[in-house]
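*Asks:* So the protein lines, in turn, are chains C, R, D and U.
With full-length UniProt numbering, the residue at position 187 of the first sequence is 187, and numbering never jumps.
With full-length UniProt numbering, the residue at position 62 of the second sequence is 62, and numbering never jumps.
With full-length UniProt numbering, the residue at position 180 of the third sequence is 180, and numbering never jumps.
With full-length UniProt numbering, the residue at position 84 of the fourth sequence is 84, and numbering never jumps.
From the three backbone atoms N, C-alpha and C, an ideal C-beta is built for every residue, glycine too.
Below: one structure in structure tokens.
4 protein chains.
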Amino acid sequence: MATPHHARRSDTRSRIQDVALKLFAEQGYEKTSLREIAERLDVTKAALYYHFKTKEDLLLSISEDLSAPVDELIAWAQGQPRTLATKQEVLRRYSDALWGATDLFRFFQENQATVRDLAIGESFRERITALSELLKEPDSSMTAQVRSLTALFAMHAGMHATQNVEGDPEEKRAAVLEVALDLLAQADADLVTN
Amino acid sequence: MATPHHARRSDTRSRIQDVALKLFAEQGYEKTSLREIAERLDVTKAALYYHFKTKEDLLLSISEDLSAPVDELIAWAQGQPRTLATKQEVLRRYSDALWGATDLFRFFQENQATVRDLAIGESFRERITALSELLKEPDSSMTAQVRSLTALFAMHAGMHATQNVEGDPEEKRAAVLEVALDLLAQADADLVTN
Amino acid sequence: MATPHHARRSDTRSRIQDVALKLFAEQGYEKTSLREIAERLDVTKAALYYHFKTKEDLLLSISEDLSAPVDELIAWAQGQPRTLATKQEVLRRYSDALWGATDLFRFFQENQATVRDLAIGESFRERITALSELLKEPDSSMTAQVRSLTALFAMHAGMHATQNVEGDPEEKRAAVLEVALDLLAQADADLVTN
Amino acid sequence: MATPHHARRSDTRSRIQDVALKLFAEQGYEKTSLREIAERLDVTKAALYYHFKTKEDLLLSISEDLSAPVDELIAWAQGQPRTLATKQEVLRRYSDALWGATDLFRFFQENQATVRDLAIGESFRERITALSELLKEPDSSMTAQVRSLTALFAMHAGMHATQNVEGDPEEKRAAVLEVALDLLAQADADLVTN
DNA sequence: CATGAATGAGAGTTCATTCAT
DNA sequence: AATGAATGAACTCTCATTCAT
Numbered sequence: 001m002a003t004p005h006h007a008r009r010s011d012t013r014s015r016i017q018d019v020a021l022k023l024f025a026e027q028g029y030e031k032t033s034l035r036e037i038a039e040r041l042d043v044t045k046a047a048l049y050y051h052f053k054t055k056e057d058l059l060l061s062i063s064e065d066l067s068a069p070v071d072e073l074i075a076w077a078q079g080q081p082r083t084l085a086t087k088q089e090v091l092r093r094y095s096d097a098l099w100g101a102t103d104l105f106r107f108f109q110e111n112q113a114t115v116r117d118l119a120i121g122e123s124f125r126e127r128i129t130a131l132s133e134l135l136k137e138p139d140s141s142m143t144a145q146v147r148s149l150t151a152l153f154a155m156h157a158g159m160h161a162t163q164n165v166e167g168d169p170e171e172k173r174a175a176v177l178e179v180a181l182d183l184l185a186q187a188d189a190d191l192v193t194n
Numbered sequence: 001m002a003t004p005h006h007a008r009r010s011d012t013r014s015r016i017q018d019v020a021l022k023l024f025a026e027q028g029y030e031k032t033s034l035r036e037i038a039e040r041l042d043v044t045k046a047a048l049y050y051h052f053k054t055k056e057d058l059l060l061s062i063s064e065d066l067s068a069p070v071d072e073l074i075a076w077a078q079g080q081p082r083t084l085a086t087k088q089e090v091l092r093r094y095s096d097a098l099w100g101a102t103d104l105f106r107f108f109q110e111n112q113a114t115v116r117d118l119a120i121g122e123s124f125r126e127r128i129t130a131l132s133e134l135l136k137e138p139d140s141s142m143t144a145q146v147r148s149l150t151a152l153f154a155m156h157a158g159m160h161a162t163q164n165v166e167g168d169p170e171e172k173r174a175a176v177l178e179v180a181l182d183l184l185a186q187a188d189a190d191l192v193t194n
Numbered sequence: 001m002a003t004p005h006h007a008r009r010s011d012t013r014s015r016i017q018d019v020a021l022k023l024f025a026e027q028g029y030e031k032t033s034l035r036e037i038a039e040r041l042d043v044t045k046a047a048l049y050y051h052f053k054t055k056e057d058l059l060l061s062i063s064e065d066l067s068a069p070v071d072e073l074i075a076w077a078q079g080q081p082r083t084l085a086t087k088q089e090v091l092r093r094y095s096d097a098l099w100g101a102t103d104l105f106r107f108f109q110e111n112q113a114t115v116r117d118l119a120i121g122e123s124f125r126e127r128i129t130a131l132s133e134l135l136k137e138p139d140s141s142m143t144a145q146v147r148s149l150t151a152l153f154a155m156h157a158g159m160h161a162t163q164n165v166e167g168d169p170e171e172k173r174a175a176v177l178e179v180a181l182d183l184l185a186q187a188d189a190d191l192v193t194n
Numbered sequence: 001m002a003t004p005h006h007a008r009r010s011d012t013r014s015r016i017q018d019v020a021l022k023l024f025a026e027q028g029y030e031k032t033s034l035r036e037i038a039e040r041l042d043v044t045k046a047a048l049y050y051h052f053k054t055k056e057d058l059l060l061s062i063s064e065d066l067s068a069p070v071d072e073l074i075a076w077a078q079g080q081p082r083t084l085a086t087k088q089e090v091l092r093r094y095s096d097a098l099w100g101a102t103d104l105f106r107f108f109q110e111n112q113a114t115v116r117d118l119a120i121g122e123s124f125r126e127r128i129t130a131l132s133e134l135l136k137e138p139d140s141s142m143t144a145q146v147r148s149l150t151a152l153f154a155m156h157a158g159m160h161a162t163q164n165v166e167g168d169p170e171e172k173r174a175a176v177l178e179v180a181l182d183l184l185a186q187a188d189a190d191l192v193t194n
């Protein structure tokens with residue numbers, strides 16, 4: 001048999017995650033009902049509950065799986081010297097992570113109000129804070145700090161805000177990264193000047 | 001009579017709008033029920049329906065009242081020459097508009113998924129698109145375009161993303177604006193160079 | 001008009017209570033669904049929620065209304081001297097209270113497990129404890145105390161346990177009360193003897 | 001093999017019964033889900049279904065095992081003369097039976113509404129009826145009959161109602177039995193007098 | 001002897017909305 | 001200008017039960 005039992009084992013489980021993420025990203029968390037997810041997969045609602053304790057737990061499992069790369073990035077960066085080179089590398093890797101899970105990060109960005117008081121919101125905020133602190137120098141000028149933060153948020157916004165710009169996605173991604181890296185460099189220059 | 005009919009009429013109406021916006025911004029649109037709004041105001045749900053046709057209509061009325069300044073800004077800008085000075089003025093005025101209605105813009109930012117398929121979403125997107133097109137030059141390099149867009153989105157993000165930065169709000173706002181203006185100037189420099 | 005507005009005001013509300021108590025007593029609390037109650041009344045489930053916050057709250061409201069006489073009895077007794085005459089009067093009045101709300105007390109007796117961890121359980125236990133303490137003397141012999149308690153519980157049991165005995169209800173009630181009064185008298189005699 | 005098949009077979013089976021009875025008694029029948037029972041035993045729900053056809057069947061098996069002594073008692077008594085001595089012996093043995101399976105009888109008492117329309121309810125009622133008929137004389141005065149019934153129900157109530165009385169359990173049990181025996185004797189005296 | 005995966009039915013609850021008064 | 005009463009549709013979630021393996 002080509003598809004042995006254990007290959008199938010988590011088949012339904014991950015199909016649920018896939019469909020759920022797609023719908024959460026497209027329609028929002030609240031507007032996506034478990035009925036809808038179940039119908040798309042041609043299973044019953046109860047089947048979802050066999051695999052996930054609650055709706056929130058379903059979202060949590062998706063988020064944990066997909067945002068692991070970001071956590072690794074943070075862990076790595078915290079062991080590096082706080083040089084411009086490190087920060088630039090953080091930005092580059094973050095770009096990879098974001099574009100590797102666009103649905104999830106789109107979801108986070110467009111459902112902030114919802115996410116805020118879900119368990120998941122906490123870890124999301126923590127990640128952003130950790131990244132912020134890796135990029136900005138608390139003793140630098142406020143302008144420099146804002147520039148660093150802008151580098152970070154420009155990447156989030158850049159994922160979806162460039163839809164009215166002509167050009168292929170990879171090119172856009174590169175442009176966004178370039179602008180972000182530049183902001184970082186300027187923030188660093190400020191620091192040196194001061 | 002000290003309080004004529006028309007003064008009273010809009011009193012309740014605008015109290016509803018105030019409370020609704022506060023709750024929409026704090027908790028999100030879907031998670032805020034009309035029951036909750038009514039309870040806060042110590043009126044019945046039916047009273048809300050006297051003043052507004054639907055929940056969505058309530059949101060619409062809030063948005064229209066508060067985002068008028070942005071529409072005026074766009075109208076004004078569309079009559080001006082496409083110079084850097086104009087663009088910078090757009091950004092300055094936009095900063096005023098945003099900080100003049102933080103709850104509303106926070107709401108828009110944190111409820112994008114929800115807002116997307118409300119009638120209001122359309123006009124929101126149109127405004128952003130209009131502003132984008134006022135700021136970026138479609139024939140400039142992609143990097144320059146991204147820089148212009150980033151100037152715009154930096155202002156949105158800057159409203160709430162600077163909470164971990166020390167300093168008073170006005171100072172932060174100024175710093176955000178400065179960074180945005182700078183991005184715009186760089187985009188313009190690119191254009192000249194090309 | 002024979003039935004003015006305000007007479008109707010609580011009409012639905014108390015019709016709900018009536019039907020609910022009937023079904024709770026007949027079938028048990030858990031086995032009675034709100035759907036069933038609503039259907040009997042030819043209203044929607046949501047109508048129930050207009051009048052009562054939760055299923056438990058519905059039960060609570062019924063219990064509070066119907067067990068007021070018992071609370072009054074307790075309050076009265078606590079102001080009386082701890083004589084045999086008082087205790088006998090307590091039993092007599094309690095008999096009236098029980099037979100005046102048989103459905104409710106049947107419900108309590110047959111749904112103890114359920115009631116135990118509802119808010120209502122607490123007040124039920126408190127009432128029983130208060131009555132126990134009014135009837136038994138903590139310093140008397142254990143047998144005397146058990147006799148007093150038995151007087152109390154005999155009345156509960158007597159409401160439904162006499163169905164296999166021939167005779168009319170009023171006669172049965174009188175017999176149960178007589179036996180209970182007798183137990184009380186014997187407990188008192190013990191006390192004197194000791 | 002040290003542990004033959006049949007020893008193991010009934011091991012799990014009776015562990016299930018033990019846990020189930022404990023939970024049924026503590027929380028009630030409806031509020032105890034098969035999931036919960038399975039989790040406590042660290043087996044799957046399906047395992048329960050290997051041993052018992054349905055949830056009700058599980059309860060039935062418990063009840064049959066534990067209430068065998070009562071059935072034997074009834075069978076024995078039905079072959080004895082209807083003397084006071086016999087009746088007193090019935091009460092004494094019934095006391096043993098009750099205290100030998102407190103969880104089960106507590107369950108019966110606190111879940112009457114539930115039990116009523118389970119198959120088990122029938123046999124429960126039959127046992128009570130049989131005992132009633134062994135104790136009371138249908139031709140005696142109503143008061144005498146109520147006294148006999150009270151003797152019986154006092155034992156049920158006595159199992160849990162004496163928690164607010166000081167003293168050790170065995171002593172309480174003895175006191176309850178004494179009061180019950182006394183009631184029986186009084187009923188018998190009535191009979192003779194009439 | 002037992003599990004993993006799933007189902008169908010139904011539970012309690014909440015929501016935006018309506019309408020006669 | 002506002003209320004009281006109600007609805008219909010939907011929601012998340014839980015349950016006892018089944019069955020192939």
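Rounded to the nearest angstrom, what separates I16/U and L41/U at their Cα positions?
*Replies:* Their Cα atoms are separated by approximately 7 Å.
*Asks:* Buried or exposed: where does H156/C fall if 16 or more other Cβ atoms within 10 Å of its Cβ makes it buried?
*Replies:* The residue in question, H156/C, is buried, as its Cβ has 16 or more Cβ neighbours within 10 Å.
*Asks:* Could you check whether L91/U and L181/U sit closer than 8 Å to each other, using their CB atoms as the reference points?
*Replies:* A contact, by the Cβ cut-off of 8 Å.
*Asks:* Closest to S67/C by C-alpha separation, out of E178/C, P169/C, I120/C, would be which residue?
*Replies:* Looking at the Cα atoms, I120/C is the closest of the given residues.
*Asks:* Applying a beta-carbon distance threshold of less than 7 Å, which residues of chain R neighbour G121/C?
*Replies:* Near G121/C there are no residues of chain R at all, since even the closest Cβ is about 11 Å away, more than 7 Å.
*Asks:* Would a C-beta distance cut-off of 8 Å place L152/C and K87/C closer than the cut-off?
*Replies:* The answer is no: Cβ separation not under 8 Å.
*Asks:* Given this structure, state the Cα-to-Cα distance separating Y29/R from L23/R, to the nearest angstrom.
*Replies:* Roughly 8 Å separates the two Cα atoms.
*Asks:* In three-state terms, what does DSSP make of L135/C?
*Replies:* If DSSP states are grouped into helix, strand and coil, L135/C belongs with the helices.
*Asks:* Nearest-angstrom Cα distance between Q163/C and K136/R?
*Replies:* Each residue's Cα considered, the two are about 13 Å apart.
*Asks:* Would you mind working out which of L58/U, A38/U, A187/U, S33/U sits nearest L118/U, comparing C-alpha positions?
*Replies:* Selected option, being the one with the closest Cα: L58/U.
*Asks:* Could you check the C-alpha separation between R8/U and A46/U for me, to the nearest Å?
*Replies:* A caution first: R8/U carries a pLDDT of 47, below 50, which makes its placement in the model unreliable, though a value can still be read off. Going by the C-alpha atoms only, they are around 18 Å apart.
*Asks:* If you follow the alpha helix (DSSP H) that E110/C is part of, which residue opens it and which one closes it?
*Replies:* Run containing E110/C: 102-110, per the alpha helix (DSSP H) assignment.
*Asks:* If you draw a straight line from the alpha carbon of W76/D to that of L131/D, how long is it in whole angstroms?
*Replies:* Going by the C-alpha atoms only, they are around 11 Å apart.
*Asks:* Mind checking the stretch 151-171 of chain R against chain C and listing, in chain order, the residues whose C-beta falls within less than 7 Å of any C-beta there?
*Replies:* Flagged, chain order: F153, A154, A157, G158, A161, T162, N164, V165, G167, E171.
*Asks:* Between T102/C and chain R, is any beta-carbon pair separated by less than 8 Å?
*Replies:* So, not an interface residue.
*Asks:* Which residues, taken in chain order from the UniProt domain "HTH tetR-type" (10-70) of chain R, show a beta carbon closer than 9 Å to some beta carbon of chain C?
*Replies:* Answer in chain order: F24, A25, E26, Q27, G28, Y29, E30, K31.
*Asks:* How about A25/R and F107/R: do their beta carbons lie closer than 8 Å?
*Replies:* For A25/R and F107/R, yes; Cβs fall inside 8 Å.
*Asks:* Does the Cβ of G167/D have 16 or more other Cβ atoms within 10 Å, making it buried, or fewer, making it exposed?
*Replies:* Result: exposed.
*Asks:* At the level of alpha carbons, what is the spacing between L84/C and M159/R?
*Replies:* Rounded to whole angstroms, L84/C to M159/R spans 26 Å at the Cα level.
*Asks:* Using C-beta distances below 8 Å, list every residue in its chain close to T114/U, excluding the 5 sequence neighbours before and after it, in chain order.
*Replies:* Correct list, in chain order: G28, Y29, E30.
*Asks:* At a CB distance below 7 Å, what residues from the stretch 127-152 of chain C approach chain R? Give them in sequence order.
*Replies:* Result list: T129, S132, M142, T143, Q145, V146, R147, L149, T150.
*Asks:* Looking at the unbroken alpha helix (DSSP H) that takes in R147/R, where does it start and where does it end?
*Replies:* Where R147/R is concerned, the enclosing alpha helix (DSSP H) stretches over 142-161.
*Asks:* Classify L59/C as helix, strand or coil using the three-state DSSP reduction.
*Replies:* In this structure, L59/C counts as helix in the three-state DSSP scheme.
*Asks:* Report the three-state DSSP secondary structure of A85/R (helix, strand or coil).
*Replies:* The answer is helix: DSSP assigns A85/R an H, G or I state.
*Asks:* Can you grab the Cα-Cα spacing for the pair S14/U / I62/U, in whole Å?
*Replies:* Whole-angstrom Cα-Cα distance: 9 Å.
*Asks:* Decide if T3/R is buried, meaning its Cβ has at least 16 other Cβ atoms within 10 Å, or exposed.
*Replies:* Reliability fails at T3/R, whose pLDDT of 43 lies under 50, so the model's placement of it is uncertain and no value is given.
*Asks:* Closer than 7 Å to a non-hydrogen atom of the ligand ZN - does that hold for the CB of S95/C?
*Replies:* The model on display carries no ligand, and the ligand ZN is accordingly not part of it.
*Asks:* Within the continuous alpha helix (DSSP H) that includes L34/R, where are the two ends?
*Replies:* Counting along the chain, the alpha helix (DSSP H) containing L34/R begins and ends at 34-41.
*Asks:* Can you confirm whether V90/C, when its beta carbon is compared against all beta carbons of chain R, has any partner nearer than 8 Å?
*Replies:* No, its Cβ sits nowhere closer than 8 Å to a Cβ of chain R.
*Asks:* I'd like the span of the alpha helix (DSSP H) that includes T12/D, first residue to last.
*Replies:* 11-27 is the span of the alpha helix (DSSP H), which, as asked, contains T12/D.
*Asks:* At which residues does the alpha helix (DSSP H) containing K45/R begin and terminate?
*Replies:* Note, K45/R: alpha helix (DSSP H), 45-51.
*Asks:* State buried or exposed for K172/R, treating a residue as buried only when at least 16 other CB atoms are found within 10 Å of its CB.
*Replies:* Buried, since its Cβ has 16 or more Cβ neighbours within 10 Å.
*Asks:* Compare the C-beta of A185/U against all C-beta atoms of chain D and say whether one is closer than 8 Å.
*Replies:* No, A185/U does not count as interfacial toward chain D.
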